[in-house]
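Under my numbering, read the sequence shown as residues 2 to 141, first letter to last.
Input: a single structure, listed below in C-alpha cells.
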Amino acid sequence: MDWEQTTVTIESSAGRSILITDSIVKACLGLARIQVGFLHLFLRHTSASLTINENADSDVRRDLDMALHHIVPDRLDFRHTAEGKDDMPAHVKSSLMGVSLQIPINQGKLLLGTWQGIYLCEHRSLGHNREIVCTIYGRS
Numbered sequence: 002m003d004w005e006q007t008t009v010t011i012e013s014s015a016g017r018s019i020l021i022t023d024s025i026v027k028a029c030l031g032l033a034r035i036q037v038g039f040l041h042l043f044l045r046h047t048s049a050s051l052t053i054n055e056n057a058d059s060d061v062r063r064d065l066d067m068a069l070h071h072i073v074p075d076r077l078d079f080r081h082t083a084e085g086k087d088d089m090p091a092h093v094k095s096s097l098m099g100v101s102l103q104i105p106i107n108q109g110k111l112l113l114g115t116w117q118g119i120y121l122c123e124h125r126s127l128g129h130n131r132e133i134v135c136t137i138y139g140r141s
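Quick look at the structure:
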C-alpha cells in the first residue's frame, strides 16, 4: 500500500462555500499512480467545513450558504463570543457539516459523481487561510 500526505492552504471567502476540487487534485501529486484507494481530507479548523455537493450550478453554493445561515443564524444568544459574534455560529455549522471527507480513488481518479465537487465552506464573516490535510492511501 502506498501512502502520501500533503497539506493544502486555501484562502476562503467570507461566509461562502467555494469549489476546491481542482485545487485538491492539483496538490495530490501521488493521486495518478493509485489504482485502488482513498483520499481522506481533514480540515484543521473549527469554524469552516468540507462537503461534497453539485458543482455545475453556482446557485447551489448560494442556496447552501443561505440555508446554513437560516439554520444557524448569527442573532442567536450565544455565550461564546470572545472571538466575535460570528464565531459560535461558525462552530455549530462546522459541527453539523463536518471537517473530513473520504473519497474513493480508481485508476488515478477521484470517483466523484458527474456533478459532484468538493467544497470548503467558510462560516466566519471574514475569509481565512484554511489548511486541509490530504492523505492518499491505496495500491499502485
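Cβ atoms here follow ideal geometry from the backbone N, Cα and C, with glycine treated the same way.
Spatial neighbours of residue i in its chain, beta-carbon cut-off 6 Å, leaving aside the 5 residues before and after
i       : result
Ile-133 : Val-9, Leu-42 and Leu-44
Thr-22  : Gly-118 and Ile-119
His-81  : Met-89
Phe-79  : Met-89
Ala-57  : Trp-116
His-73  : Contrary to the premise, residue 73 reads as Val rather than His in this sequence. Cβ neighbours of Val-73 beyond the five flanking positions: Pro-90, Val-93 and Lys-94.
Pair within 8 Å by beta-carbon distance, residue i and residue j
i       : j       : result
Asp-75  : Asp-66  : no
Gln-6   : Cys-135 : yes
Ala-210 : Gly-85  : Examination of residue 210 is not possible in this model, given that the chain is present from 2 through 141 alone.
Asp-3   : Ser-141 : yes
Nearest-angstrom Cβ-Cβ length linking residue i and residue j, presumed shorter than 8 Å
i       : j       : result
Gly-122 : Met-89  : Looking at the sequence shown, residue 122 is not Gly but Cys. No, Cys-122 and Met-89 are not in contact; Cβ-Cβ is about 16 Å, not under 8 Å.
Ser-126 : Arg-62  : About 17 Å; that fails the 8 Å criterion.
Val-26  : Leu-111 : 7 Å
Bridge-paired residues (DSSP) for residue i
i       : result
Trp-4   : Tyr-138
His-41  : Gln-103 and Thr-136
Gly-109 : DSSP lists no partner for Gly-109.
Val-9   : Ile-133
Gln-56  : Residue 56 is actually Asn in this sequence, not Gln. The partner list for Asn-56 (beta bridge, DSSP) is empty, contrary to what the question assumes.
Glu-123 : Ala-49
Beta-carbon proximity list for residue i, same chain, < 8 Å, skipping 5 on both sides
i      : result
Ser-39 : Correcting the residue identity first, residue 39 is Phe in this sequence and not Ser. These residues qualify, in order along the chain: Gln-103, Ile-104, Pro-105, Ile-106, Ile-137, Tyr-138 and Gly-139.
Ser-14 : Glu-123 and Gly-128
Cys-29 : Glu-5, Thr-7, Leu-40, Cys-135 and Ile-137
Contact set for residue i: own chain, Cβ-Cβ below 7 Å, skip 5 residues either direction
i      : result
Ser-95 : Thr-47, Ser-48, Ala-49, Ser-50 and His-124
His-92 : Thr-47 and Ser-48
Ile-11 : Ile-21, Ser-24, Leu-121, Arg-131 and Ile-133
Residue i versus residue j: straight-line alpha-carbon distance, rounded
i       : j       : result
Glu-55  : Gly-114 : 9 Å
Leu-77  : Leu-69  : 14 Å
Thr-52  : Gly-31  : 22 Å
Asp-60  : Trp-116 : 14 Å
Arg-131 : Gly-16  : 13 Å
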